[in-house]
C-alpha cells in the first residue's frame, strides 16, 4: 500500500520540498506513485470540494504543434483574485503553483490559453476551471485585514 501524507498547508509543503517563501495555498494529499515508482502524486484534499462553486469544463481540445487555443472562462471579476493559481496535471504527477497579481486581467479581460509548444506532436487536452468561494483572512488580533474575491 502506498504511503499517504496529508499536508495541512502549502506553507509546509513549500518549506519541505522547495524551501521557498512560506505562503498559504491549497492543502493536498501526497501519495507515492505506484505506476512510475519515481515520483509523488498530489491532489487537493477532499475538503477543497466544499469551496468550489461552479465550473467550466473543456473536453477534447485539439492542440496542433505550436498552437495556442484561447478558452472562454467568463469575466475577470468572476475569475481573478490577485492570488493563487494552482494546476494539477497528469493525474497529480505535475503540479504548478503560482502566486500572481494580474492587474491587466482585472482591469481589462481575463484570458486563459492552452498551448502546445511541441514541434511535431499534436495533443488532445481537457481542462476544468472552478470558481471558488471568497476567502477572508484575519491577523493575530482577530481584526479583518485581508479579503480576497473568488477565483
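Residue numbers (the working numbering): 82 to 232. Even for Gly, the Cβ is constructed at its ideal location relative to N, Cα and C. All figures in this text were calculated on a predicted structure; none of them were measured in a lab.
Classification of residue i by the beta-carbon crowding that lies within 10 angstroms, buried from 16 upward
{"i": "residue 158", "result": "Per-residue confidence for residue 158 stands at a pLDDT of 43, beneath the threshold of 50, marking its modelled position as unreliable; the derived number appears in the next sentence. Exposed is the call here."}
{"i": "residue 109", "result": "buried"}
Sub-9 Å separation of residue i and residue j beta-carbons
{"i": "residue 179", "j": "residue 167", "result": "yes"}
{"i": "residue 132", "j": "residue 196", "result": "no"}
{"i": "residue 176", "j": "residue 193", "result": "no"}
{"i": "residue 111", "j": "residue 122", "result": "yes"}
{"i": "residue 141", "j": "residue 200", "result": "no"}
Helix, strand or coil at residue i according to DSSP, with G and I counted as helix
{"i": "residue 120", "result": "coil"}
{"i": "residue 203", "result": "coil"}
Element boundaries [beta strand (DSSP E), containing residue i]
{"i": "residue 132", "result": "No beta strand (DSSP E) contains residue 132, which DSSP labels as neither H nor E."}
{"i": "residue 174", "result": "Note, residue 174: premise wrong, no beta strand (DSSP E); not H, not E."}
{"i": "residue 151", "result": "149 to 152"}
{"i": "residue 109", "result": "109 to 113"}
Supposed contact pair residue j and residue i - C-beta distance, whole angstroms, cut 8 Å
{"i": "residue 135", "j": "residue 154", "result": "Their Cβ separation, rounded to whole angstroms, is 11 Å, which puts residue 135 and residue 154 out of contact at 8 Å."}
{"i": "residue 208", "j": "residue 113", "result": "Their Cβ separation, rounded to whole angstroms, is 26 Å, which puts residue 208 and residue 113 out of contact at 8 Å."}
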